[in-house]
Every structure is written in C-alpha cells, then in structure tokens.
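**Student:** Got a structure for you, questions after.
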Amino acid sequence: MKTISIEPSGYEALETAIARVQAAVDRGIADPVRAMAALREARTELFRLRETLRDKVVITAPDDPDAA
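So in our numbering, the last one in the sequence shown is 243, and the numbering has no gaps at all.
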C-alpha cells in the first residue's frame, strides 16, 4: 500500500491550482468563441498542477517487494 503525504503548504497550492483549471474550463464553456484559448489556459494550469504535485506531495511505499 502506498502512503501519500502533503506538505503543509501543499493543500492550499493544490486547491488553488484546481480552482484555476476549473475557472479556465468554465470560461471556455461560457464563451464558445474563446473556448480554444480557455483550453490552452487550462492546459497550462494543469502543467502547474503537475509541478505542485511533484513539489508538495510525497508518495511512499513499503520496502517489501511482496507488498507491490
């Protein structure tokens, strides 16, 4: 079993990144003319979310090879 730990500042950073993705998608839904730009913006925010996950979240697993 894997264990996931989030640094103290990580939860807020993740919440912010997710909110930015949602806002970009919502802008694309609300204005179809601007949808492609909003999708590009959402994609950029997803890359930032990936960076946040990499920097703020620690995933560990047991050392026992049989645990996998």
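Cβ atoms here follow ideal geometry from the backbone N, Cα and C, with glycine treated the same way.
#1: Please report the distance separating the alpha-carbon of VAL208 from that of ARG202.
#2: So, ILE179 versus VAL232, is the Cβ gap smaller than 8 Å?
#3: Name the two residues that bound the continuous beta strand (DSSP E) containing VAL196.
#4: Rounded to whole angstroms, how far is the Cβ of LEU189 from the Cβ of THR235, which I believe are closer than 8 Å?
#5: Just to confirm my understanding: we take ALA140, look at its own chain, exclude 5 residues before and 5 after, and list those with CB closer than 7 Å. What are they?
**Tutor:** Here's the rundown:
#1: Pairing VAL208 with ARG202, the inter-Cα distance amounts to about 10 Å.
#2: yes
#3: Counting along the chain, VAL196 falls outside any beta strand (DSSP E), though it belongs to the alpha helix (DSSP H) covering 185-205.
#4: The Cβ separation is near 18 Å, so there is no contact.
#5: Outside the shown range of the chain, which is 176 to 243, sits residue 140, and nothing can be said about it.
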